[in-house]
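Participant: Handing you a structure now.
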Amino acid sequence: MIIIINKQLLNKIYREIKKHDEIVIARHVGPDPDAVASQLALRDSIRLTFPKKQVYAVGLSVSRFKPYGNLDKVNFQNLNKPLLIVVDVPNMHRIDGIEGLDYSGIIKIDHHPKEDIKAYVEWVDINKSSASQMVAELILDTKLKLDKKVAENLFLGIVADSERFSLKNTTLETFDTVKRLIAESNIDFTSLYDILYTRPFNEHKFIAYITNNLEIDENKLGVIKISDATLREYNVDASTPSNIINSYNFIDEMLVWIFVTEDVKNNQYKISIRSRGPIINEIASHYNGGGHKFASGAKLTNMEDVDKLIKDLSIACREYENR
Ligand code: AMP
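So the sequence shown is numbered by this note's numbering: it starts at 29 and just counts up by one.
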């Protein structure tokens, strides 16, 4: 039954895409591999299927995502009420790069719990590993076309958001989708892991710094506060901690871990939280944040709130241990 409803929804999304000559595709600010991969793969698939359409992927370019492809610089004044498709983002204020865009309506494809985006066609499923898995299913189950580049990006997004199929968001359906993706595109998928996991030596040294300085409390909460001076010492930026936080998934003594990073440029603390048990997105939502049950983030402007958040997470760990 669910499968039939899904197929109808996917066909509806396909028909809406077919109807519109101008389409803008956006994702969340502070992008991760899944956000960029799902966005670019959808753009490239639509271009491949409908070469005459104007399809753009917008948002800030991030140099580490160069291998995924380029974003588009668009003058929104030249567009006539395009369709806006948002992927991997539930909140209006976290959509990147749509300031000044006068769109006709929104289609949303996302695996986060619903927030305030009002879409006229909405495919939200928190049980999907990634937005890339959803875009892959959209392409594989409709007449949208797939080529090697599209398949490679989708594979990268799925692998990154599921942390190589090790996180609880990985399901049989994830494997099924990946199998179909590889079978239909014949990509050399093992070579793609380099793009996700090869890092410069300074980042490895930074990872060692975090390992050496992470403090784990009696309730199994791991905490590290990373100053701007430390970021500069290791020549990394405020987005690096959230790119490496998943690698701490297998520390025996730790249930939840929080990285608090001083973000001088934006005058705030960037928070990344991961969990191997307690649900953390509800806690993050009380601190100007949100995300998934086991992977959340937030932005705070003072250390008092950061410490309150740390306390709440520690209590959640204790309650989880005593359940
Ligand atoms: P990150 O630790 O930055 O990788 O974020 C983990 C998850 O939390 C992602 O799904 C983000 O979309 C979400 N997230 C991060 N920061 C925020 C925020 N300020 N508000 C709401 N959700 C966020």
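No residue lacks a Cβ here, since even glycine has one placed at the ideal position from N, Cα and C.
Using the beta-carbon count (16 or more within 10 Å), is residue 157 buried or exposed?
Facilitator: Counting from one through the sequence shown, the residue named residue 157 turns up at place 129. Buried, since its Cβ has 16 or more Cβ neighbours within 10 Å.
Participant: Just to confirm, are residue 287 and residue 254 a CB contact at a threshold of 8 Å?
Facilitator: For the purposes of this step, residue 287 is taken as residue 259 along the sequence shown, with counting starting at 1. For the purposes of this step, residue 254 is taken as residue 226 along the sequence shown, with counting starting at 1. Cβ atoms of residue 287 and residue 254: closer than 8 Å.
Participant: Where does residue 336 sit, in a helix, a strand or coil, going by DSSP?
Facilitator: Here residue 336 corresponds to residue number 308 of the sequence shown, with the count starting at 1. Helix, per DSSP.
Participant: Identify whether residue 29 lies in helix, strand or coil by the three-state DSSP scheme.
Facilitator: Within the sequence shown, residue 29 is the residue found at index 1, counting from 1. For residue 29, the pLDDT reaches just 43, beneath the cut-off of 50, and the residue's location in the model is therefore unreliable, leaving the point undetermined.
Participant: Assuming residue 97 contacts residue 55 under a Cβ cut-off of 8 Å, what Cβ separation, rounded to an integer in Å, is found between them?
Facilitator: Taking the first residue of the sequence shown as position 1, residue 97 is located at position 69. Taking the first residue of the sequence shown as position 1, residue 55 is located at position 27. In fact, because the Cβ distance is near 13 Å, the residues do not count as touching under 8 Å.
Participant: Going by alpha carbons, who is nearest to residue 219 out of 46, 289, 95 and 89?
Facilitator: In the sequence shown, counting from the first residue as 1, residue 219 sits at position 191. If we check each option's Cα against that of residue 219, 95 comes out closest.
Participant: Nearest CA to the CA of residue 41: which residue from 103, 90, 226 and 111?
Facilitator: By one-based count along the sequence shown, residue 41 stands at place 13. The candidate whose alpha carbon is nearest that of residue 41 is 111.
Participant: So which of 194, 175 and 275 has the shortest CA-CA distance to residue 300?
Facilitator: Position 272 of the sequence shown, counted from the first residue, corresponds to residue 300. Cα-wise, what sits closest to residue 300 is 275.
Participant: Out of 78, 348, 206 and 271, point me to the one whose CA is closest to residue 47's CA.
Facilitator: Within the sequence shown, numbered from 1, the residue matching residue 47 stands at position 19. Considering only alpha carbons, the answer is 78.
Participant: Could you please give the first and the last residue of the uninterrupted beta strand (DSSP E) stretch that includes residue 328?
Facilitator: Start at 1 with the first residue of the sequence shown, and residue 328 comes out as number 300. Counting along the chain, the beta strand (DSSP E) containing residue 328 begins and ends at 323 to 328.
Participant: Compute the Euclidean distance between the alpha carbons of residue 342 and residue 72, then round it to the nearest angstrom.
Facilitator: Numbered from its first residue, the sequence shown carries residue 342 at position 314. Numbered from its first residue, the sequence shown carries residue 72 at position 44. Distance between the alpha carbons of residue 342 and residue 72: 44 Å.
Participant: Inspect the beta-carbon positions of residue 107 and residue 85 and report whether they are closer than 8 Å.
Facilitator: Taking the first residue of the sequence shown as 1, we reach residue 107 at position 79. Taking the first residue of the sequence shown as 1, we reach residue 85 at position 57. Contact flag unset, no.
Participant: Between the Cα of residue 213 and those of 178, 280 and 238, spot the shortest distance and give me the residue it belongs to.
Facilitator: Walking along the sequence shown from the start, residue 213 turns up at place 185. Among 178, 280 and 238, the Cα nearest to that of residue 213 belongs to 178.
Participant: Assuming residue 116 contacts residue 57 under a Cβ cut-off of 8 Å, what Cβ separation, rounded to an integer in Å, is found between them?
Facilitator: Position 88 of the sequence shown, counted from the first residue, corresponds to residue 116. Position 29 of the sequence shown, counted from the first residue, corresponds to residue 57. No, residue 116 and residue 57 are not in contact; Cβ-Cβ is about 11 Å, not under 8 Å.
Participant: Run through the DSSP bridge pairs and tell me what residue 360 is partnered with.
Facilitator: With the chain covering only 29 through 351, there is no way to say anything about residue 360.
Participant: Taking the straight line between their C-alpha atoms, what separation do you get for residue 337 and residue 312?
Facilitator: Along the sequence shown, read from residue 1 onward, the residue named residue 337 stands at position 309. Along the sequence shown, read from residue 1 onward, the residue named residue 312 stands at position 284. The alpha-carbon atoms of residue 337 and residue 312 are separated by roughly 8 Å.
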